[in-house]
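Have a look at the structure below, then the notes.
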Amino acid sequence: MNILLVEDDKRISDFVVKGLQENGFTIQLCTNGVKAREMLFASEWDLVLMDIMLPDISGVELVKLVRFKKKAVPIIMLSALGEPDDKVEALDAGADDYLVKPFHFKELISRINALARRTKFNQDKQANTYTCGSITLNADEHKVTQNNSTVDLSPREYKLLLFLMENKNKVMSRTQILGAVWGINYDTNTNVVDVYVSYLRNKMNLESSVLQTIVGTGYMLKDH
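Sequential numbering of the sequence shown, starting at 3, is according to our numbering.
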């Protein structure tokens with residue numbers, strides 16, 4: 003796991019960094035809120051350990067910003083503030099867990115592992131759900147919605163949309179689309195891909211900036 007530790011107390015940060023590294027975690031340390039704000043959005047993190055009382059921006063404010071920006075990274079708050087109101091404020095701001103200082107290192111590891119399991123479980127549940135703008139496709143239910151309204155697609159239209167959503171923001175050649183949707187032995191000289199793309203555009207009112215034609219190559223479903 004790639005962990006960001008936001009902690010200005012050197013004694014605690016040394017203790018946490020050393021312990022996590024010994025347990026096989028990759029960890030980077032940040033000692034103030036301003037720098038943490040930059041690092042939170044500059045890289046992808048598997049988990050964040052966040053102190054509340056930082057010298058500039060509070061940990062709670064940083065958590066609110068992370069959630070406002072729609073980042074779902076798991077966050078554990080580390081704080082000397084142990085009153086229920088302090089915990090409620092942090093959790094309501096968007097933190098996933100709260101650990102009061104001083105804490106036993108084994109408990110921190112246990113909390114990290116528990117949160118990692120929960121995150122993986124939620125990701126696995128969502129693995130068969132694809133989104134692109136206002137479009138959501140649930141592969142388990144073979145259900146497509148657009149602006150929260152169900153869209154009725156033929157089996158081939160559905161398969162084409164699924165393939166494009168699985169590969170959104172990537173240019174897919176007509177040959178790739180033919181192989182995935184119609185089978186590798188389908189006549190490559192046919193214009194069936196173009197016809198079904200047109201069906202999708204008309205049925206779902208997809209602008210050319212969303213379902214893009216890449217001249218001479220194929221198509222790309224663009225998530226703006």
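For every residue, glycine included, the Cβ atom is placed at its ideal position computed from N, Cα and C.
Practice task
Leaving out five residues on either side along the sequence, give the residues of the same chain with a beta carbon under 6 Å from the beta carbon of V75.
Solution key: Counting from one through the sequence shown, the residue named residue 75 turns up at place 73. Closer than 6 Å at the Cβ level, and outside the excluded window around V75, lie W47, V50.
Practice task
Whole angstroms is fine: what's the gap from V65's alpha carbon to L223's?
Solution key: For the purposes of this step, residue 65 is taken as residue 63 along the sequence shown, with counting starting at 1. For the purposes of this step, residue 223 is taken as residue 221 along the sequence shown, with counting starting at 1. So the alpha carbons of these two residues sit roughly 32 Å apart.
Problem - Nearest neighbour of V194, chosen from L42, R176, R203 [CA to CA] - result: As a position in the sequence shown, residue 194 is number 192, starting the count at 1. The shortest C-alpha separation from V194 is found at R176.
Practice task
Determine the closest residue to L154 out of K205, R113, N169, with distance taken between C-alpha atoms.
Solution key: On the sequence shown, residue 154 is found 152 positions in, with the first residue counted as 1. Contrary to the premise, residue 154 reads as Asp rather than Leu in this sequence. The shortest Cα separation from D154 among K205, R113, N169 belongs to K205.
Practice task
Kindly indicate which three-state DSSP category L213 falls into: helix, strand or coil?
Solution key: For the purposes of this step, residue 213 is identified with residue 211 of the sequence shown, where counting begins at 1. The answer is strand: DSSP assigns L213 an E or B state.
Exercise for the section: Compare the C-alpha of G181 against each of T215, G220, S151, E143 and name the closest. Expected result: The sequence position of residue 181 within the sequence shown is 179, counting from 1. Answer by Cα proximity: G220.
Handout entry: Own chain partners of E91 with C-beta closer than 8 Å, once the 5 adjacent residues on each side are dropped
Key = Sequence index remark: in the sequence shown, residue 91 carries index 89 (1-based). Closer than 8 Å at Cβ, skipping near neighbours: V62.
Handout entry: N- and C-terminal bounds of the alpha helix (DSSP H) containing V194
Key = Against the sequence shown, residue 194 aligns to sequence position 192. That run of the alpha helix (DSSP H) goes 194 to 206.
Practice task
Can you tell me which of the three DSSP states K145 falls into?
Solution key: Stepping through the sequence shown from its first residue, residue 145 is reached at position 143. Here K145 sits in strand by DSSP.
Problem - Where the beta strand (DSSP E) containing L7 begins and where it ends - result: Counting from 1 along the sequence shown, the entry for residue 7 is found at position 5. It spans 4 to 8 - the beta strand (DSSP E) in which L7 sits, taken as one unbroken run.
Problem - G26, buried or exposed, once every other Cβ within 10 Å from all chains shown has been counted against 16 - result: Mapped onto the sequence shown, residue 26 falls at position 24. Result: exposed.
Handout entry: Buried/exposed call for D142, threshold 16 Cβ in 10 Å
Key = Taking the sequence shown and counting its residues from 1, the one referred to as residue 142 is at position 140. With fewer than 16 Cβ atoms within 10 Å of its Cβ, D142 is classed as exposed.
Practice task
Output the boundary residues of the alpha helix (DSSP H) element that contains L163.
Solution key: Counted from its first residue, the sequence shown places residue 163 at position 161. Element bounds for L163: 157 to 168.
Problem - Per DSSP, the bridge partner or partners of G220 - result: Within the sequence shown, the letter at position 218 stands for residue 220. DSSP, once it has assigned bridges, lists S175, I216 as partnering G220.
Practice task
Output the distance between the C-alpha atoms of A241 and L7, rounded to the nearest integer angstrom.
Solution key: Since the first residue of the chain shown is 3 and the last is 226, residue 241 is not available in this structure.
Exercise for the section: Could you please give the first and the last residue of the uninterrupted beta strand (DSSP E) stretch that includes V101? Expected result: Along the sequence shown, read from residue 1 onward, the residue named residue 101 stands at position 99. Checking the sequence shown, residue 101 turns out to be Leu, not Val. Where L101 is concerned, the enclosing beta strand (DSSP E) stretches over 99 to 102.
Problem - Three-state secondary structure (DSSP) of S81 - result: Counting from one through the sequence shown, the residue named residue 81 turns up at place 79. Three-state DSSP puts S81 in a strand.
Exercise for the section: Name the residue from F70, K103, I179 whose alpha carbon lies nearest to the alpha carbon of E159. Expected result: The residue given as residue 159 occupies position 157 in the sequence shown. Of the candidates F70, K103, I179, the one whose C-alpha sits nearest the C-alpha of E159 is I179.
Exercise for the section: Please state if the CB of L202 and the CB of L162 are separated by a distance shorter than 8 Å. Expected result: Counted from its first residue, the sequence shown places residue 162 at position 160. Counted from its first residue, the sequence shown places residue 202 at position 200. Contact flag set, yes.
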